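Student: Dropping the structure in here first, questions after.
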Amino acid sequence: MVDVQAYLDAQREKDLDKLFEFLRIPSVSALSQHKRDMLRAAEWLVRELEELGMQNVRKIDAGGHPIVYAERIEDPALPTALIYGHYDVQPVDPEALWTTPPFEPNIRNGRIYARGASDDKGQVFMHMRALKAHLATRGRLPLNVRLVIEGEEEVGSESLARYVESAPELKADVVVISDTSMPAIDAPAICYSLRGIAVLEMTVRGAASDLHSGLFGGAVPNPLHELARLVASLHDDAGRVNVPGFYDDVLPLTAEERAMLARLPFDEEEYKASLGLKELYGEAGYTTIERIGARPTLELNGMWGGFQGEGSKTVIPAEAHAKITCRLVPDQDPEKIADLVASALAERAHPSVTVDVRRGHGGAPWICSPDDPAIQAGMRALEQAFAASPLLMRMGGSIPVVGNLDRVLRAPIVLMGFALPTDQVHAPDENFSLQAFDKGSLALALYWDELARALA
Ligand code: BES
Ligand code: ZN
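One rule links them: number in the numbering used here = place in the sequence shown (from 1) + 78.
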């Protein structure tokens, strides 16, 4: 125990230099201009994983950005853990709002600033540190480990989801993921439920071309008005999603779980203040914690069309567009929900326009029993590393492949992540606290011992 801790402490400066190398690679999966950087990041991982003593390290081509695979089979009789993470990052815009450039990592006020520092390169790297600490101090791991680090998490994990369906090398007794958050540095957490996601994009079309609003206005449909009306129809006044069937498959919260969620430390006033809001907004009848983790939503992510330049232009645009995502909870199905939303829009559209709804990627929601021995082992590791009682939480974000892994592997999934609410993930000035980096690395190293004991 002390051996791995001493090793991690001794290696810290060297490890930070290594992490900075990784963070300097602009592996933005969404932008085709970064395709080569995706390959560079995958190759960087391959080199480092080989160097730290992993075996059978390789890039897998599943159609999109490369998947990096590595394993270390100590003894086929031992249990096997699968570590999943992602090396892709979100786009950096608006870049002007970054205090220092997103791919020039640096430390300020005890935090590492860079795109991907927290989500998820920093946390992937912590797993590598923990494995190395075991190998360097003891020459072996206490169980078998496989590692899958993909490059498409931030764009829906479609290649990996396909690959998982037929990949015997991913067989494992437990899956371990560090890509979630904790409420505070003294409140480590394991996430036992993630929301799923359904992605939609819609186009409303009116006349064949833009029209003079004086010559035609009053006699023709305006696609922007129609889009606004349709989008507004998707919620009722109580903040519920107004799409027939949307809630049909939602597993209701039990009284026990509601009581447990109500006991989580949460200060609504502080939450509002941190967001710069006077009032919160959400579905009637549910607490903020329930709304974020345990209730589904439909959100408009973008809406555009018509004239947006300087001054005014008297035009009736021919088209209007919107991007929509739904966050889903067990047992909602992404494809079914996308169908329901598309049908509701089609039915409500005025006959003078056409509404074209395109489906994007999807990810199933996921929930597990927090009583699982693999989770309980994680709670013990967190408790030791953070010297604080860990929490069990539902989280509102999505890790699309988790649903696939759950269905295909039928193994417990342990979401032990270390992002903090102050990390600015997906936003300018993304950062990762050095305390989370240090304590989290130790927790992961301790976890392998706890897990090996629990599964023995
Ligand atoms: N790491 C996040 C997901 C997350 C963060 C889950 C904190 C729970 C707590 C992940 O990288 C992410 O942002 N996922 C995307 C997936 C989407 C693009 C399909 C998300 O949730 O928006
Ligand atoms: Zn993310």
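We treat Cβ as the ideally placed atom computed from N, Cα and C, and that holds for glycine. Since this is a predicted model, take the numbers as computed values, not measurements.
Just how far apart, CA to CA, sit Arg472 and Leu331?
Tutor: Here residue 472 corresponds to residue number 394 of the sequence shown, with the count starting at 1. Here residue 331 corresponds to residue number 253 of the sequence shown, with the count starting at 1. Using only the alpha carbons, I get a separation of about 12 Å.
Student: Around the Cβ of Trp382, are there at least 16 other Cβ atoms within 10 angstroms (buried) or fewer (exposed)?
Tutor: Position 304 of the sequence shown, counted from the first residue, corresponds to residue 382. Trp382 is exposed by the Cβ-count criterion.
Student: In this structure, what does DSSP give as the bridge partners for Asp434?
Tutor: Taking the first residue of the sequence shown as position 1, residue 434 is located at position 356. Looking at the DSSP assignment, Asp434 forms a beta bridge with Thr281.
Student: Who are the near neighbours of Ser244 in its chain, counting only those whose CB is closer than 6 Å to its CB and skipping five residues on each side?
Tutor: Here the question's residue 244 lines up with position 166 in the sequence shown. Hits under 6 Å: none found.
Student: Near ligand 2, which residues have their beta-carbon closer than 6 Å to a heavy atom?
Tutor: The answer, residue by residue, is Gln168, Asp197, Glu232, Val503, His504.
Student: Is the beta carbon of Glu448 within less than 6 Å of some heavy atom of ligand 1?
Tutor: Translated into positions along the sequence shown, residue 448 becomes position 370. Strictly speaking, residue 448 in this sequence is Pro, with Glu absent from that position. Flag unset: Cβ of Pro448 not near ligand 1.
Student: Considering only their Cβ atoms, is the gap separating Glu149 from Arg224 smaller than 7 Å?
Tutor: Counting from one through the sequence shown, the residue named residue 224 turns up at place 146. Counting from one through the sequence shown, the residue named residue 149 turns up at place 71. Cβ atoms of Arg224 and Glu149: closer than 7 Å.
Student: Does DSSP classify Thr500 as helix, strand or coil?
Tutor: The count along the sequence shown starts at 1 and reaches residue 500 at position 422. Helix.
Student: Tell me the rounded alpha-carbon separation between Glu425 and Leu308.
Tutor: Along the sequence shown, one-based indexing puts residue 425 at 347. Along the sequence shown, one-based indexing puts residue 308 at 230. Roughly 10 Å separates the two Cα atoms.
Student: Assign Pro183 to one of two classes, buried (16 or more other C-beta atoms within 10 Å of its C-beta) or exposed (fewer than that).
Tutor: Position 105 of the sequence shown holds residue 183. Answer is buried; the Cβ neighbour count reaches 16.
Student: Does Arg189 come out as helix, strand or coil in the three-state DSSP assignment?
Tutor: Numbered from its first residue, the sequence shown carries residue 189 at position 111. It is a strand residue.
Student: Who are the Cβ neighbours of Met204 in its own chain at under 8 Å, not counting the five residues just before and after it?
Tutor: As a position in the sequence shown, residue 204 is number 126, starting the count at 1. Hits under 8 Å: Ser256, Phe496, Phe515, Gly518, Ser519, Leu522.
Student: For Val328, which residues from the same chain have a beta carbon less than 7 Å from its beta carbon, with the 5 sequence-adjacent residues on both sides left out?
Tutor: If you number the sequence shown from 1, residue 328 lands on position 250. Excluding positions up to five away in sequence, the list reads Pro374, Val407, Gln410.
Student: List, from N- to C-terminal side, the beta strand (DSSP E) runs of 3 residues or more that fit wholly inside the stretch 374-458.
Tutor: 375-383, 397-406, 432-441, all fully within the stretch 374-458.
Student: With DSSP collapsed to three states, give me the class of Arg472.
Tutor: By 1-based counting over the sequence shown, the position of residue 472 is 394. The answer is strand: DSSP assigns Arg472 an E or B state.
Student: Check the DSSP bridge columns for His164 and list the partner residues they point to.
Tutor: Indexing the sequence shown from 1 puts residue 164 at position 86. For His164, which the question treats as bridged, DSSP gives the partners Glu228.
Student: Which class does Ile151 belong to by DSSP, given the choice of helix, strand or coil?
Tutor: By one-based count along the sequence shown, residue 151 stands at place 73. In the structure shown, Ile151 sits in coil (DSSP, three-state: anything other than H, G, I, E or B).
Student: According to DSSP, Gln89 sits in a beta bridge with which residue or residues?
Tutor: Position 11 of the sequence shown, counting from 1, holds the residue named residue 89. The partner list for Gln89 (beta bridge, DSSP) is empty, contrary to what the question assumes.
Student: Determine, using beta-carbon pairs with one atom in the stretch 294-309 and one in the stretch 341-352, whether at least three such pairs fall under 8 Å.
Tutor: With the cut-off at 8 Å, the stretch 294-309 and the stretch 341-352 do not touch.
Student: If you draw a straight line from the C-alpha of Ala465 to the C-alpha of Glu335, how long is it?
Tutor: The residue you call residue 465 lines up with position 387 of the sequence shown. The residue you call residue 335 lines up with position 257 of the sequence shown. If I take the Cα positions, the gap works out to 26 Å.
Student: Is DSSP giving Phe324 helix, strand or coil here?
Tutor: As a first step, residue 324 is located in the sequence shown; it is residue number 246 there, counting from the start. Looking at Phe324 - three-state DSSP - the assignment turns out to be coil, as it is neither helix nor strand.
Student: Alpha carbon to alpha carbon, how far is Ala452 from Val492?
Tutor: Translated into positions along the sequence shown, residue 452 becomes position 374. Translated into positions along the sequence shown, residue 492 becomes position 414. If I take the Cα positions, the gap works out to 7 Å.
Student: When we look at the beta-carbon of Gln111 and count the other beta-carbons within 10 Å, is it buried (16 or more) or exposed?
Tutor: Translated into positions along the sequence shown, residue 111 becomes position 33. That one is exposed.
Student: Going by alpha carbons, who is nearest to Lys28 out of Lys210, Thr158, Asp198?
Tutor: The shown model of the chain, from 79 to 534, leaves out residue 28, and the question about it has no answer.
Student: Could you spell out the range, first to last residue, of the beta strand (DSSP E) harbouring Asn482?
Tutor: As a first step, residue 482 is located in the sequence shown; it is residue number 404 there, counting from the start. Per DSSP, Asn482 belongs to no beta strand (DSSP E); it is in the alpha helix (DSSP H), 479-487.
Student: Cα separation between Val242 and Gly292?
Tutor: Numbered from its first residue, the sequence shown carries residue 242 at position 164. Numbered from its first residue, the sequence shown carries residue 292 at position 214. In a straight line, the C-alpha of Val242 is about 57 Å away from that of Gly292.
Student: Quick one: is the Cβ of Thr258 within less than 6 Å of any heavy atom of ligand 1?
Tutor: Residue 258 sits at position 180 when you count from the first residue of the sequence shown. Yes; taking the cut-off as 6 Å, the Cβ of Thr258 has a heavy atom of ligand 1 nearer than that.
Student: Nearest CA to the CA of His384: which residue from Arg125, His399, Ala286, Ala372?
Tutor: To locate residue 384, count along the sequence shown from 1; it is residue 306. The displayed chain sequence assigns Gly, not His, to residue 384. Of the listed residues, the one whose Cα sits closest to Gly384 is His399.
Student: At a threshold of 6 Å, does Ser107 count as lining ligand 1 (C-beta to nearest heavy atom)?
Tutor: On the sequence shown, residue 107 is found 29 positions in, with the first residue counted as 1. No, ligand 1 has no heavy atom inside 6 Å of this Cβ.
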